[in-house]
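Reviewing the structure listed below.
Have a look at this one:
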């Protein structure tokens, strides 16, 4: 997280860093003092690795864990080319690790965590929003369902463009057509326990890839993944300013 959690990590220091980070990423200025909106949150998957530090600095916070079918996440990794998972195997390793960390934290902090499946959210939005509002102590309003019609107060980029659109149920099963049977089997090989623990049925028969195949996937991740990350964080922003990419 680019030094966000570098020592010293105190509530005051971390809060200032978070406000600066959100401003840089989304063009939104957040007031640290209580203002018009007494509650604000930040959706950032990489915070998974810093949950214990967040808990120490903000003991009154609540955590909403949105878990998506690992096969859908891996498909997004490959399709979006963010460098997070360049193959089904390495993408599954990342998803399995992060979900395992989230599940362990939720088990330890049961009264502070609400776990929601992404698929339930997009398929039953009103019901899940009522549950979420009750969890954070906010009164539910039908206007919340019209979020996509509201004037934006943040910068739209490739990573958050879908937040400006209505919930799309078709995204839940895109992986079924996008991934090959072997790619699906690789994800299930790596993350079967986490998939089943979150109510996702396995789709393929078990496979036993050779050690040469697995080494290839890891090398591919190292080389191609690093290139994608460099492009994302360095070159794409420069090209965007010049108007060559959106």
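Residue numbers (our numbering): -15 to 230.
For glycine and all other residues, C-beta sits at the position ideal for the given N, C-alpha and C.
Looking at 101, 211, -7 and 94, the one whose alpha-carbon comes closest to that of residue 180 is 101. Residue 191 carries a coil assignment under DSSP once its states are collapsed to helix, strand and coil.
Exposure of residue 40 is indicated by the presence of fewer than 16 other C-beta atoms within 10 angstroms of its C-beta. DSSP lists 100 as the beta-bridge partner residues of residue 50. Sequence-distant partners of residue 70 (beyond 5 residues in either direction) whose C-beta falls short of 6 Å from its own C-beta, in its chain, are 204, 205, 208 and 209. Distance from the CA atom of residue 196 to the CA atom of residue 170, rounded to whole angstroms, is 14 Å. Annotated as proximal: residue 106 and residue 156, with beta-carbon spacing under 8 Å.
The beta carbon of residue 174 sits closer than 7 Å to the beta carbons of 73, 76, 77 and 80 from its chain, once the five residues preceding and following it are set aside; these are given in chain order. Where residue 210 is concerned, the enclosing alpha helix (DSSP H) starts and stops at 210 to 214. The C-alpha of residue 190 lies about 41 Å from the C-alpha of residue 129. The alpha carbon of residue 150 has as its nearest neighbour, out of 94, -11, 2 and 134, the alpha carbon of 134. The C-beta distance from residue 27 to residue 119 rounds to 15 Å, too long to fall under 8 Å, and the pair is not in contact. DSSP places residue 119 in the helix class (H, G or I) of the three-state scheme.
Counted as a single uninterrupted DSSP element, the stretch harbouring residue 11 is not any alpha helix (DSSP H), since DSSP gives it neither H nor E.
Rounded to whole angstroms, the separation of the alpha carbons of residue 58 and residue -8 is 35 Å. Just measuring C-alpha positions, the residue of 97, 153, 24 and 116 sitting nearest residue 56 is 153. Around the beta carbon of residue 184, a 10 Å sphere encloses 16 or more other beta carbons of the protein chains shown; the residue is thus reported as buried. Straight-line spacing of the CA atoms in residue 124 and residue 95 works out to 20 Å.
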